[in-house]
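Asker: What follows is a single structure, and I will ask about it in a moment.
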Amino acid sequence: MTYYYRYFTAGTVATKALLDDREPLSVVKASNQSVTNSTVKVADTALTLPVAANAIYHVSVMVVVSGPTGADWSQLWTFPAGATGTRFSHGPELSVASVRATSINARSAPIGTSLAYGTDGTENSAIREEIWLNTAGTAGNLALTWAQNVAVASATTVLAGSWMTAYRVV
1 MTYYYRYFTA GTVATKALLD DREPLSVVKA SNQSVTNSTV KVADTALTLP VAANAIYHVS
61 VMVVVSGPTG ADWSQLWTFP AGATGTRFSH GPELSVASVR ATSINARSAP IGTSLAYGTD
121 GTENSAIREE IWLNTAGTAG NLALTWAQNV AVASATTVLA GSWMTAYRVV
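If you read the sequence shown in my numbering, its first letter stands for residue 1, the second for the next number, and so on.
Laid out in structure tokens, this is it:
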């Protein structure tokens, strides 16, 4: 795969902004974030990256979630107006007794589709996504929003160490 690489022409001043534009975007969640008794999606405090207008990105994401049995975890991506894309997702099925001994959902969906994954109250669930994002004429953020899939009184938590990286392809 060929990744986007901004070429400089003679006379171009290599500013920090131009050099930064040549690097992949990445973020690692530094602290845990919890939601209790709510199915209203909240913005993740860390898993957000800025994306340019009229660009194509390959985004890799690993989210580690802990939560009670039956609450499960629901997530949705927000993105700039006019953007399109597909997400390829892997994670534990809903209503699992054990995330260790469960079937893994492997699916693709349009970028604007909400998906949910299982939590078992004991072990962490790992959700892995690859996203192909094609922005239109508007720059903005690709941001994770999430909540419990079923509201329960115990906390569902996205754990520190979850991460995302975006490579600009075009």
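For glycine and all other residues, C-beta sits at the position ideal for the given N, C-alpha and C.
I need the straight-line Cα distance from threonine 119 to isoleucine 56, nearest angstrom please.
Answerer: Distance between the alpha carbons of threonine 119 and isoleucine 56 is about 33 angstroms.
Asker: Roughly how many whole angstroms lie between the Cα atoms of alanine 160 and alanine 30?
Answerer: Taking the straight line from one Cα to the other gives about 5 angstroms.
Asker: Below 8 angstroms, how does it come out for the segment 24-38 and the segment 115-131: are there three or more Cβ pairs, yes or no?
Answerer: Output reads no: the segment 115-131 does not touch the segment 24-38.
Asker: When the Cα atoms are used, what is the spatial distance from phenylalanine 79 to asparagine 54?
Answerer: Rounded to the nearest angstrom, the two C-alpha atoms are 13 angstroms apart.
Asker: With a threshold of 6 angstroms on Cβ separation, who are the neighbours of methionine 1 within its own chain once the five nearest residues in sequence on each side are excluded?
Answerer: Model confidence at methionine 1 stands at a pLDDT of 34, short of 50, so the residue's coordinates are unreliable and nothing is read from them.
Asker: According to DSSP, simplified to helix, strand and coil, what is leucine 19?
Answerer: Helix at leucine 19.
Asker: What residue from Leu49, Asn149, Ser162 has the CA that sits closest to aspartate 72's CA?
Answerer: That would be Asn149, whose Cα lies nearest to the Cα of aspartate 72.
Asker: Between which two residues does the beta strand (DSSP E) harbouring isoleucine 131 extend?
Answerer: Start and end: 125-134.
Asker: Measuring alpha carbon to alpha carbon, tell me which residue in Gly11, Ala153, Ala136, Ser162 is nearest glycine 82.
Answerer: Ranking the options by Cα distance to glycine 82, first place goes to Ala136.
Asker: With DSSP as the reference, identify every bridge partner of leucine 115, one or two as the case may be.
Answerer: Per DSSP, Gln75.
Asker: In this structure, what does DSSP give as the bridge partners for valine 35?
Answerer: DSSP lists Thr156 as partners of valine 35.
Asker: Going by alpha carbons, who is nearest to asparagine 105 out of Ser114, Pro50, Ser89, Val99?
Answerer: Comparing Cα-Cα distances from asparagine 105 to each of Ser114, Pro50, Ser89, Val99, the minimum goes to Ser89.
Asker: Residue range of the beta strand (DSSP E) that proline 50 falls in?
Answerer: Segment 42-51, the beta strand (DSSP E) holding proline 50.
Asker: Looking at the unbroken beta strand (DSSP E) that takes in glycine 121, where does it start and where does it end?
Answerer: Looking at the DSSP string, glycine 121 is not in any beta strand (DSSP E), and its letter there is neither H nor E.
Asker: Alpha carbon to alpha carbon, how far is threonine 9 from tyrosine 3? Give it in angstroms, no decimals.
Answerer: For tyrosine 3, the predicted structure reports a pLDDT of 43, less than 50, and the residue's modelled location is therefore unreliable. A value from the coordinates is still provided. Going by the C-alpha atoms only, they are around 19 angstroms apart.
Asker: Could you give the distance in angstroms between the alpha-carbon of leucine 19 and the alpha-carbon of leucine 142?
Answerer: Using only the alpha carbons, I get a separation of about 21 angstroms.
Asker: Using 8 angstroms as the threshold, is the C-beta distance between threonine 48 and glutamine 33 below it?
Answerer: No, these two residues do not count as a Cβ contact at 8 angstroms.
Asker: Determine the extent of the beta strand (DSSP E) in which asparagine 105 is found, giving its start and end residues.
Answerer: It spans 104-110 - the beta strand (DSSP E) in which asparagine 105 sits, taken as one unbroken run.
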